[in-house]
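Colleague:
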Amino acid sequence: MKGFEKLLSPIEIAPNFVLKNRMIKAPQSSWRWNEDCTADGSDAIAMYENMAEGGVAAIDVAAILWEPAGGIYLGAYDDRFIPGMIELNEAVHKHGCLTIGQLHHIGPSAGSTPDGLPPISSSTLSEDEMPVPKPWCQAPRGLTVEEIHEKQRLQIEAAVRLQKGGFDAVEVHVAHGYFLDSFVSPLWNKRDDEYGCQNVENRTRIVREIIEGIREACGPDFVIGCRLNGREFHPTKQGITAEQAAENARAFVEAGAQYISIAGYGYGPTPFRYCPDYFPYPEPDPFMEPFMDEYRGVGLWTAVARRIKDAVDVPVITAGRMDENLAERVLEAGDADVIALGRTLWADPWFARKVDEGRIDEIMRCTRCASCEDPVTQPRICRVNPTLGQERQLAAKPVAKKKRVMVVGGGPAGMECACTLSERGHEVTLYEKAGALGGRIKLAAMIKSGGCEEVMHIFNHLTAMIEKSDVEVRLKTEVDEQLIRQEAPDAVVVAASSPYRIPDIPGIHRKNVFTIPMMSKLAQVPLKMFGPDKLASMSEKFFPVGKRIVIWGAGAEGAQCAEFMRKRGKDIVLVAEDGDVGGLIPLKYKERIEPWFNRAGVRVVRDATVAEFGKQGALLRFSQGGEELVPCDSMMVMLPEQRDPAFFDMAASLVDEVYEIGSTLGGENAFLKHAFADGRRVGCLL
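Numbering-wise, the numbering used here comes out as the position in the sequence shown, counting from 1, plus 956.
#1: Quick check: the region 1106–1119 against the region 985–994, are there 3 or more CB pairs under 8 Å?
#2: With a threshold of 7 Å (Cβ to nearest heavy atom), would Trp987 be considered close to the ligand SAM?
#3: Quick check: the Cα distance between Arg1321 and Trp1306, rounded to an integer number of angstroms?
#4: Does DSSP classify Tyr1456 as helix, strand or coil?
#5: If you drop the 5 nearest sequence neighbours on each side, which residues of the same chain put their C-beta closer than 8 Å to that of Ser1077?
#6: Could you check whether Pro1142 and Gln1194 sit closer than 8 Å to each other, using their CB atoms as the reference points?
#7: Check each candidate in Pro983, Phe1578, Asp1589 and name the one with the smallest Cα separation from Gln1572.
#8: DSSP on Val1537, reduced to helix/strand/coil?
#9: Exposed or buried, which one is Ala1356 when buried takes at least 16 other CB atoms within 10 Å?
#10: For the beta strand (DSSP E) that contains Gln1119, what are its first and last residues?
#11: So, at 7 Å on beta carbons, what are the nonlocal neighbours of Ile1264 in its own chain, with the 5 sequence-adjacent residues on each side left out?
#12: If you draw a straight line from the C-alpha of Met957 to the C-alpha of Ile1414, how long is it?
#13: How would you write the range of the beta strand (DSSP E) that Asp1016 sits in, first residue to last?
#14: Work out the CA separation of Phe960 and Glu1313 for me, nearest whole Å.
#15: Could you pull out every residue in the same chain whose Cβ sits closer than 7 Å to the Cβ of Gln1111, ignoring the five residues on either side in sequence?
#16: So, helix, strand or coil for Arg1262, using DSSP?
#17: Below 8 Å on the Cβ atoms is my contact criterion, and I expect Ala1213 with Ala1173 to pass it. Report the Cβ-Cβ distance as a whole number of Å.
#18: Who are the Cβ neighbours of Asp1634 in its own chain at under 6 Å, not counting the five residues just before and after it?
#19: Express the C-alpha separation of Trp989 and Val1017 in angstroms, rounding to a whole number.
#20: Put Phe1650 into one of helix, strand or coil per three-state DSSP.
#21: Does the count of Cβ pairs from the region 1590–1597 and the region 1506–1522 closer than 8 Å reach three?
#22: In this structure, how does DSSP classify Asn972 when only helix, strand and coil are distinguished?
#23: Evaluate Ser1405 with the Cβ neighbour count: other Cβ atoms within 10 Å of its Cβ, from every protein chain shown; 16 or more gives buried, anything less gives exposed.
#24: For Glu1103 and Asp1536, I'd like the C-alpha separation in whole angstroms.
#25: Could you check if Gly1581 is buried or exposed, using at least 16 other CB atoms within 10 Å of its CB as the buried criterion?
#26: At 4 residues or longer, what runs of the alpha helix (DSSP H) sit wholly inside the region 1351–1388?
#27: If I follow the unbroken beta strand (DSSP E) through Ala1296, where does it start and stop?
#28: Pair every Cβ in the region 1293–1308 with every Cβ in the region 1491–1509, then say whether three or more of these pairs are closer than 8 Å.
#29: With H, G and I counted as helix, E and B as strand and the rest as coil, what does DSSP make of Gly1195?
#30: Please specify which runs of the alpha helix (DSSP H), each continuous and at least 4 residues long, are wholly inside the region 1568–1634, giving them in chain order.
#31: How long is the line joining the alpha carbons of Phe1247 and His1190, rounded to whole angstroms?
#32: According to DSSP, is Phe1135 part of a helix, a strand, or is it coil?
#33: Please confirm whether Ile1422 and Ala1390 have their CB atoms less than 8 Å apart.
#34: Along the chain, where does the beta strand (DSSP E) containing Gln1058 start, and where does it finish?
#35: Which two residues bound the contiguous alpha helix (DSSP H) that contains Glu1150?
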């Protein structure tokens, strides 16, 4: 069993619901359904089928609406959704995988509603009473008892449709800051009637009545589960406690719930919703400091799982930052019975099968980049798995005609493309002018070390897959016109970095001006000797720049550099050429970084550029007029890459098929998510 006996063992939830292993897909909205909220023929079906084929025991299909609520979710509020559900369930079931349908309504956590009316909740709250500040949520309207009964009826009817649509179970969603959670959470529920929060009987009443109604409508064989917050985090400490969560779980089980799935939630002055990943960036809010050992250990949700498991006599599911080793430890300790995998399966849908088959080194790990949680990039994407939701379009199909392909550049874009091309059957040679593959991955890993992101997973995975492939690698080889003529490839893929923008201003070549290429070169040998984490730790004691630093460029490069340097005691002035700070940093991180700058004393100067860098410091020039001399010891130029077409034009004059991918294209295409997406797309195109 490859050392994961517990994780790979079966478990019975009910006689007709037996999991073949202890791994299920955690409920997460995919945003991959049809725009009319149907499933018929949608990309989501192919996505979930791929996960089923990848070996998980069950898939918890999240965010199934029991009333219209806007967004690209799966609907269950009308019979017209049933045919698509049947198509989905047939696709998943043929791989021996069970399905759970999670009923959903965002409730008071809605930032807006389709009809423009206030969100619904257990109680009407003023803006001052809101546990989540504007603009992330707006003050909700509390429901009357008659309206509560109507919402219960809609959920029960939706559960019947799930059963008709082929789902094996229904999950009543009482977690996060959503509709049903607003009744069990003292942060939301201010009612004083039978649905109030005064005691466990009242606060669980709405959920218990829904569970009992589903059982009556669907019969004894349809499995009913419940997801709840094991704990809520808030500066006032007035959220759900572990003790209250255990009481809630016991009440739900007594009403008929056959499993309990544990989640959690957090609120605060700066957003850190979805506690397992993003709240420690750039640093945790002070009221979260006491929980950091749990976060770094078994995780915030699993830390309370044992209390809930001791309170109920049904299987308990936990989740949060799980890999196969932590999952096995949690199961062995008896803290939970089943492991729900969320971002783990976005990154590698075949995680379960690879664990089962002992192919641990082939697992693509989630790097916690938050790209999948970014509403700007809907539908959901994954930085390291560009095929997510595009399984049909980006399948690595065998080639009809084998080609000799030259891939120029051994960074992540080139490595991903080379692996895809080789997998399809092309003859691929990967050229890298440096002495090792990986590009600037290790430098990025050093900058992000100690935070939420785990960039080295990318390096480890891609180097392992290159070694397992038939790709020929040529290091310390710079591709030029002569080499292209000599090799005479059928196609060339340009995956080299573009030059960073370094404006020609007075003083730009002073020895105390640092650029990204210069920093990369300086760090190359130490990174090889010590690795990113050790070097990051060493840099806390010594970093070869001055005390006072002006960082020119406030996109992702500059903002993350400012964070890194401030944590090393540097006095920072961050110069943004426009009004934006953070650039394309995913929203879950971006919305936290500027409040941290304010707390940490990083000065942000907007709508300005550096006109000159001299002995006294950096001369800033404002777009609206005026100048300011900022005294400093060093300047860092963190402006984005710009496409240089020279190599592409040269190659295109020699070879019929030439493609550019990743940071070669410069600008907004310079992120790791673009490297993977471009590499896979061109790898499937050739």
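Here a beta-carbon is modelled for each residue, glycine too, at the ideal position from N, C-alpha and C.
Fair warning: this is a prediction, and the values are worked out from it, not measured in the lab.
Modeller: Reading off the structure:
#1: Between the region 1106–1119 and the region 985–994 there are fewer than three inter-stretch CB-CB distances shorter than 8 Å, so the stretches are not counted as touching.
#2: For the ligand SAM, the structure offers nothing, since it holds no ligand at all.
#3: Approximately 11 Å between the Cα atoms of the pair.
#4: Note: Tyr1456 maps to strand in three-state DSSP.
#5: So the list reads Gly1063, Pro1064, Pro1096, Arg1097, Gly1098, Leu1099, Phe1135, Ser1138, Trp1144, once near-sequence residues are dropped.
#6: Contact: yes.
#7: Comparing Cα positions, the closest option is Asp1589.
#8: It is coil, neither helix nor strand.
#9: Looking at its Cβ environment, which holds fewer than 16 other Cβ atoms inside 10 Å, Ala1356 is exposed.
#10: Annotation for Gln1119: no beta strand (DSSP E) segment contains it, though the alpha helix (DSSP H) segment containing it runs 1101–1120.
#11: Answer for Ile1264: Gly1186, Ala1201, Ala1202, Ala1205, Ile1216, Ile1218, Val1272, listed in chain order.
#12: Only weak support exists for where Met957 lies, its pLDDT of 43 falling under 50; the coordinates are left without a value.
#13: That run of the beta strand (DSSP E) goes 1014–1021.
#14: Looking at the two C-alpha atoms, the distance is approximately 11 Å.
#15: Here the set comprises Trp1022, Leu1059, Ile1166.
#16: Correct three-state label for Arg1262: helix.
#17: With 8 Å as the limit, Ala1213 and Ala1173 do not qualify as a contact, their Cβ atoms being about 15 Å apart.
#18: Answer for Asp1634: Ala1369, Ile1617, Gly1618, listed in chain order.
#19: Spanning the two alpha carbons is a distance of roughly 11 Å.
#20: This structure cannot speak to residue 1650, because the chain is shown only from 957 to 1642.
#21: Between the region 1590–1597 and the region 1506–1522, the count of Cβ pairs shorter than 8 Å is three or higher; the stretches touch.
#22: In the three-state DSSP reduction, Asn972 falls in the coil class, being neither helix nor strand.
#23: When all chains shown are included, Ser1405 counts as buried.
#24: Spanning the two alpha carbons is a distance of roughly 43 Å.
#25: Exposed, since its Cβ has fewer than 16 Cβ neighbours within 10 Å.
#26: Taking only runs of at least 4 residues, the alpha helix (DSSP H) segments lying wholly in the region 1351–1388 are 1368–1380.
#27: From DSSP, the beta strand (DSSP E) with Ala1296 extends over 1294–1297.
#28: Judged by Cβ distances under 8 Å, the region 1293–1308 makes no contact with the region 1491–1509, as fewer than three pairs qualify.
#29: DSSP places Gly1195 in coil when its eight states are reduced to three.
#30: Fully enclosed alpha helix (DSSP H) runs of 4 or longer: 1602–1608.
#31: Per the coordinates, the alpha-carbon of Phe1247 lies some 12 Å from the alpha-carbon of His1190.
#32: Shown here, Phe1135 sits in coil according to DSSP, grouped into three states, outside any helix or strand.
#33: No, they are not a contact pair.
#34: Looking at the DSSP string, the run of the beta strand (DSSP E) that includes Gln1058 is 1054–1060.
#35: Neither: Glu1150 is in no alpha helix (DSSP H) and is coded neither H nor E.
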